[in-house]
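Participant: Position in the sequence shown counted from 1, then plus 5, gives you this note's numbering. Idealized CB from N, CA, C, for every residue including glycine.
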Amino acid sequence: MNTRIIEENSQGIKLEIYIPYSNSMLQNEETIQRELNNAGNIATEKSLKQFDTDGSSLKIGSVKYTSKGQVESIYQTPYGEIRIKRHVYQTKEGGSTYCPLESNARIIHSTTPKFAKIVGSKYGRMDGPGVVKDLKEHGRDITKGYIQNLTEIVSTIAYAKEGKWEYEVPEYKSGVSCISIGMDGSMVLVSGEGYREVMTGTIAFFDKDCNRLYTKYIAATPEYQKETFKSRMEKEISQVKSVYPNAVYVGLADGGNGNWEFLSKHTDIQTIDFYHVTEYLSNFSDIIFENELDKKKWLKEKCHQLKHEDGAADSILSELKKLSKGKKGKTMQNLQKTITYFENQKDKMIYSYNIKNNLPIGSGITEAGCKVIVKERFCRSGMRWGKQGIAIVLKLRTMLYTTNQWEEFWHKIDRFGVSLN
Numbered sequence: 006m007n008t009r010i011i012e013e014n015s016q017g018i019k020l021e022i023y024i025p026y027s028n029s030m031l032q033n034e035e036t037i038q039r040e041l042n043n044a045g046n047i048a049t050e051k052s053l054k055q056f057d058t059d060g061s062s063l064k065i066g067s068v069k070y071t072s073k074g075q076v077e078s079i080y081q082t083p084y085g086e087i088r089i090k091r092h093v094y095q096t097k098e099g100g101s102t103y104c105p106l107e108s109n110a111r112i113i114h115s116t117t118p119k120f121a122k123i124v125g126s127k128y129g130r131m132d133g134p135g136v137v138k139d140l141k142e143h144g145r146d147i148t149k150g151y152i153q154n155l156t157e158i159v160s161t162i163a164y165a166k167e168g169k170w171e172y173e174v175p176e177y178k179s180g181v182s183c184i185s186i187g188m189d190g191s192m193v194l195v196s197g198e199g200y201r202e203v204m205t206g207t208i209a210f211f212d213k214d215c216n217r218l219y220t221k222y223i224a225a226t227p228e229y230q231k232e233t234f235k236s237r238m239e240k241e242i243s244q245v246k247s248v249y250p251n252a253v254y255v256g257l258a259d260g261g262n263g264n265w266e267f268l269s270k271h272t273d274i275q276t277i278d279f280y281h282v283t284e285y286l287s288n289f290s291d292i293i294f295e296n297e298l299d300k301k302k303w304l305k306e307k308c309h310q311l312k313h314e315d316g317a318a319d320s321i322l323s324e325l326k327k328l329s330k331g332k333k334g335k336t337m338q339n340l341q342k343t344i345t346y347f348e349n350q351k352d353k354m355i356y357s358y359n360i361k362n363n364l365p366i367g368s369g370i371t372e373a374g375c376k377v378i379v380k381e382r383f384c385r386s387g388m389r390w391g392k393q394g395i396a397i398v399l400k401l402r403t404m405l406y407t408t409n410q411w412e413e414f415w416h417k418i419d420r421f422g423v424s425l426n
């Protein structure tokens, strides 16, 4: 080994590293990586020992624990695998053992907290084999099974702390004028059940000029009544409203009835996604107009009318009905889809009001959330998921893609520990 300790005291250690050269820059870099990992292992081993006891008896509550002596264990770190002898405690009655070093150092599944954070972040973004390959490039040979077991525990901790750890709601000097709340579903192939809907919710902050400042993501595994998802959404909405009670809350979604039953309870204004409406108008124009220029002109006029004229939805609905007169059979059935959509949703087509008041009109944030949180990770070719696997990765991804939440989660682990209670 070309790394050695040249100074050590209660405050820290000083290391000396020797890096031999070769005629290959690639080989030199691999040598540098290997020796730096060796140095990291040495420093981590010494650092971990600072969290052990001297072997004296301990009292936890009214229960006395005595050391069984130092027992060797293997720990995974960002730099490699290390072996450490540490004190293990037990009561005089026997039973389960307690390791102060692991509790004090926030060890998770025989893994240091930094490495658990690294692995969790990578597994939240890519599949198991991808994480294995990625870590190997950094000099870490880790199995897919280890990665899955570790991230399951990390995710379980996050779920267990849902009702106890609150994550900071950000505040902005520019002020938060509007908060949009949206929800939508994505279909995921579930083992033994076929395609099931995974729900994604978003809570987005906007300033007075309708510039987006922040987005929080919420998700839940497939569930027929979506009660778990709704409960999580309500908890987050309640926390946000306690910080921003005077903001205007806008519900944004497509035409699903289940969405509006929920959103109407929690928002001041309900607005159906503008771009879903334009798709219906586009389909209508494809049937009515033969000339391509006429289609584009009519569609452009209707979209402008919707955005800038009060009561535009009623006017357009009347026009749709007039243009459909005399149509029969399948043609009329297809035209009727747009007419029915407008009849059912026109009260939520308040785009001119929203635009005048600098409020959002599109649910693109939620649709993008479905893609980022669900589709990019769960809908790759050949993937089939169990519900537990979905739950693990959903928790990782919602924390990773909500600004600062992943960092906050690990800060809380560092501060409070990793108990599942």
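#1: Please report the residue range of the beta strand (DSSP E) in which K19 lies.
#2: With a CB to CB cut of under 8 angstroms and the five nearest residues on each side skipped, what residues in its chain are close to Q38?
#3: Span of the alpha helix (DSSP H) holding Q350?
#4: In the DSSP assignment, find the beta strand (DSSP E) that holds G260 and state where it starts and stops.
#5: Report the CB separation of Y84 from N42 in whole angstroms; it is logged as a contact under 8 angstroms.
#6: Suppose contacts are defined by Cβ-Cβ distances below 8 angstroms. Is V379 in contact with T205 by that definition?
#7: From the DSSP output, in three-state form, read off F56 for me.
#8: Alpha carbons only, please: which of D214, W415, Y151 is nearest the one belonging to C183?
#9: Looking at the strands, I want to know which residues DSSP matches up with Y94.
#10: Let me confirm a value: A258 is counted as buried when at least 16 other C-beta atoms fall within 10 Å, else exposed. Which label applies?
#11: Taking the alpha helix (DSSP H) that T161 belongs to, which residues open and close that run?
#12: Pick helix, strand or coil for G394, following the three-state DSSP scheme.
#13: Between K90 and E202, what straight-line distance do the alpha-carbon atoms span, to the nearest angstrom?
#14: Please check the pair I79 and S115, which I expect to be a contact at CB under 8 angstroms, by giving their CB distance rounded to whole angstroms.
#15: Per DSSP, what kind of secondary structure is E198 in: helix, strand or coil?
#16: Report yes if the C-beta distance between T1 and L20 is below 8 angstroms; otherwise report no.
#17: R130 to M404, Cα distance in whole Å?
#18: Under 8 angstroms between the Cβ atoms of I397 and T148?
#19: I355 and Y254: beta carbons closer than 8 angstroms?
#20: What residues in its chain sit with their C-beta under 7 angstroms from that of K300, if we drop five residues either side in the sequence?
#21: Are G256 and D212 touching if we call contact CB-CB under 8 angstroms?
#22: Figure out for me which residue from E98, K54, S72 has the closest Cα to the Cα of S61.
#23: Compare the C-alpha of G422 against each of P25, L31, A110 and name the closest.
#24: Report, in whole angstroms, the separation of the C-beta atoms of T343 and L286, which I expect to be a contact under 8 angstroms.
#25: How would you write the range of the beta strand (DSSP E) that Y249 sits in, first residue to last?
#26: Which residue marks the beginning of the alpha helix (DSSP H) containing N14, and which one marks its end?
#27: Can you check DSSP and say which residues form a bridge with G206?
#28: Could you tell me whether the region 220 to 234 touches the region 384 to 395, using the rule of 3 or more Cβ pairs below 8 angstroms?
#29: Check V174 in the structure and name its three-state DSSP category.
Facilitator: The relevant details are as follows:
#1: 17 to 22
#2: H143, G144
#3: 334 to 350
#4: It is not in any beta strand (DSSP E) - G260 carries neither H nor E in the DSSP assignment.
#5: 4 angstroms
#6: yes
#7: coil
#8: D214
#9: S72, Y103
#10: buried
#11: 149 to 165
#12: helix
#13: 48 angstroms
#14: 6 angstroms
#15: coil
#16: Because residue 1 is not part of the residues shown, which for the chain are 6 to 426, the question remains open.
#17: 11 angstroms
#18: no
#19: no
#20: S290, D291, F294
#21: no
#22: S72
#23: A110
#24: 7 angstroms
#25: Per DSSP, Y249 belongs to no beta strand (DSSP E) and is neither H nor E.
#26: Careful: N14 lies outside any alpha helix (DSSP H), inside the beta strand (DSSP E) at 8 to 14.
#27: M188, I223
#28: yes
#29: coil
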